[in-house]
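S.K.:
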Amino acid sequence: MQMVKKTLIALGVIWFSLLLFMPKQALYYKAEQILANKTIKINEKKMNEGIFSFNIEQADVYVKGIKLASVEKVHIFTLLFYTNITLEKLTLDDSLKSMVPTYAEKMTLTYAVWDPLHIHINSHGSFGQLNGVAGLSDKKIRLDFNESKGIEMLKPSLKQDEKGWHYETSF
1 MQMVKKTLIA LGVIWFSLLL FMPKQALYYK AEQILANKTI KINEKKMNEG IFSFNIEQAD
61 VYVKGIKLAS VEKVHIFTLL FYTNITLEKL TLDDSLKSMV PTYAEKMTLT YAVWDPLHIH
121 INSHGSFGQL NGVAGLSDKK IRLDFNESKG IEMLKPSLKQ DEKGWHYETS F
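The sequence shown finishes on residue 171 if you use our numbering, and the numbering steps up by one all the way, no holes.
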């Protein structure tokens, strides 16, 4: 019993040390470098680290040099086996307003080890509420709109079933 207790304590200390000393800012810059290879650039005004989190404030996203979106705050929370990314006040460029809703109050992306093949998506904004799943194995995204307000521009590309309106695509 003592051996099990010592092993669990050692694993807990190792896990906490990994989280505490994880180079979060260096990992962010590496992700930014990978995105730059795909002509996506992120300009941020402020960044700060916590024990379990990394925050980015006032980020602008550029694709091929064109400003596509602005995000007031990005909060990345990780426990290594569970990661949650929250985007607050996401605003897309006005040139996209004929194709998609341009404002989301909050968007959350969640990845967990116990569901390794899916990223869960939740959002609410000018379009109402949506829930979705990105399948990493089949490379498909399904977004279910719980409300149908403010999605008129999307209706030609949406499908309707017993749950309501949904959007499916592959990546």
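Using N, Cα and C, we set each Cβ at its ideal position, and we do this for glycine too.
(1) Which class does N146 belong to by DSSP, given the choice of helix, strand or coil?
(2) Could you tell me whether the Cβ atoms of N146 and L136 are closer together than 8 Å?
(3) Is the region 81-96 touching the region 63-71, taking contact as three or more C-beta pairs under 8 Å?
(4) Throw me the rounded Cβ distance for the M153 and V100 pair, which I believe falls under 8 Å.
(5) If you draw a straight line from the C-alpha of Y29 to the C-alpha of V63, how long is it?
(6) If we count the other Cβ atoms within 10 Å of its Cβ and call it buried at 16 or more, is A104 buried or exposed?
(7) When DSSP labels each residue in this structure, what does K24 get in the three-state scheme?
(8) So the beta strand (DSSP E) P101 belongs to, where does it begin and stop?
M.R.: Reading it off the structure:
(1) The answer is coil: DSSP assigns N146 none of H, G, I, E or B.
(2) It is not a contact, given that the beta carbons lie outside the stated cut-off.
(3) By the C-beta criterion, the region 81-96 is judged to be in contact with the region 63-71, since at least 3 inter-stretch pairs fall below 8 Å.
(4) Sure, about 7 Å apart at Cβ, within 8 Å.
(5) Rounded to the nearest angstrom, the gap between the Cα atoms of Y29 and V63 is 17 Å.
(6) Burial call: buried.
(7) Helix, per DSSP.
(8) DSSP places P101 in no beta strand (DSSP E); its state is neither H nor E.
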